[in-house]
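A.B. asks: The opening residue of the sequence shown carries number 1 in UniProt numbering; numbering runs sequentially from there.
A virtual CB, placed ideally from N, CA and C, is assigned to each residue, including glycine.
Can you keep this structure in mind? I'll have questions shortly.
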Amino acid sequence: MTYSPDTKASSMQQLLPAWEDTVHDAQTVFRSLLKALSEPGTIQRLRVNLQAPAPLHMATAAACLALMDYETTAWLADELDNDAVRTYLRFHCGLPLVHEKSSANFAVLGSSLQQLDLQAFAQGSITYPDKSATLLMQVDDLANGPEYQLTGPGINNKRSIYVSGLPADFVSKWQVNHSAFPQGVDVIFCSGDAVLGLPRTSKIKAVQSAELPCT
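Below you can see the structure in the form of structure tokens.
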């Protein structure tokens, strides 16, 4: 895309500020993200005051600011890829945005989850599993969706999550991702001011709601 002077000026006018307290806020969010991934399925509220460029949720923008920098690359799903978001991430994170999913360290996804292909993103390798991608999945709700049960490291027995907006085949796709361990992607669900982690070490299954008896 070619930017004219007017376009560049408009982009800067849309630019929202980042952290109020750069060091404290960034550390607070980073610790919450680590806790979300080390204790899969627990909802972590991000206790910072941050404006996010639409259509990013505050938690999504905060995760981007805490995780991304000039040494990382990011890919944006089409529905999140607008001038305001791109300008915000490029200015505050200093990172390049890429067009190929497989070359991104981070990916930010939204309503296109219905076409989700986990294996299209960087999977890492046996030698360098840390070269895999982390996916920030923006969803409508983390507490009022269908029930899923998680098991694995960081979980005592099992833990239920209630994420809304996941595709019907998410469980089967995740099983493929989990079975590739130590390769595979990690996911951080973002909604409003909250995040919930799903690392590749976790297993997931859908819980079918019991049908009411006929009367």
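1) In angstroms, rounded to a whole number, what distance separates the CA positions of L109 and D117?
2) According to DSSP, is A206 helix, strand or coil?
3) Taking only runs that begin and end inside the region 48 to 123, name each unbroken beta strand (DSSP E) of 3 or more residues, in chain order.
4) Could you give the C-beta distance for L95 and Y70, rounded to a whole number, given that I count them as a contact under 8 angstroms?
5) In whole angstroms, what is the alpha-carbon distance linking S202 and T134?
6) Going straight from the alpha carbon of Y128 to that of Y162, what length do you get?
7) Does DSSP put R45 in a helix, in a strand, or in coil?
8) Have a look at T28, K158, V139, D21 and flag the residue whose alpha-carbon is nearest the alpha-carbon of E79.
9) Taking only the alpha-carbon atoms, compute the straight-line gap between H178 and S32 and give it to the nearest angstrom.
10) Please name the residue, chosen from L166, A180, V185, A194, that lies closest to A206 on a Cα-to-Cα basis.
11) Among the candidates I126, S125, M137, G197, whose CA atom is the shortest distance from the CA of Q114?
12) If I measure Cβ to Cβ from residue 216 and keep anything under 7 angstroms in the same chain, skipping five residues before and after, which residues do I get?
13) Less than 8 angstroms between the beta carbons of L196 and A36, yes or no?
14) Is the separation between the beta-carbon of V85 and that of A62 shorter than 8 angstroms?
C.D. replies: Answer, in terms of the structure:
1) A direct Cα-Cα distance of roughly 11 angstroms separates L109 from D117.
2) DSSP places A206 in strand when its eight states are reduced to three.
3) Runs of the beta strand (DSSP E) inside the region 48 to 123: 74 to 76, 106 to 109.
4) Contact between L95 and Y70 holds, with the beta-carbon distance rounding to 6 angstroms and staying under 8 angstroms.
5) Cα atoms of S202 and T134: separation of roughly 14 angstroms, rounded to the nearest angstrom.
6) Going by C-alpha positions, Y128 is about 32 angstroms away from Y162.
7) It is a strand residue.
8) Closest by alpha carbon: V139.
9) Rounded to the nearest angstrom, the two C-alpha atoms are 23 angstroms apart.
10) Taking only the C-alpha atoms, the option nearest A206 is L166.
11) When I126, S125, M137, G197 are compared, the shortest CA-CA separation from Q114 is found for M137.
12) Given that the chain is displayed from residue 1 to residue 215, the structure contains no residue 216 and the question cannot be resolved.
13) Closer than 8 angstroms, so yes.
14) Contact check for V85 against A62 fails: the beta carbons are separated by 8 angstroms or more.
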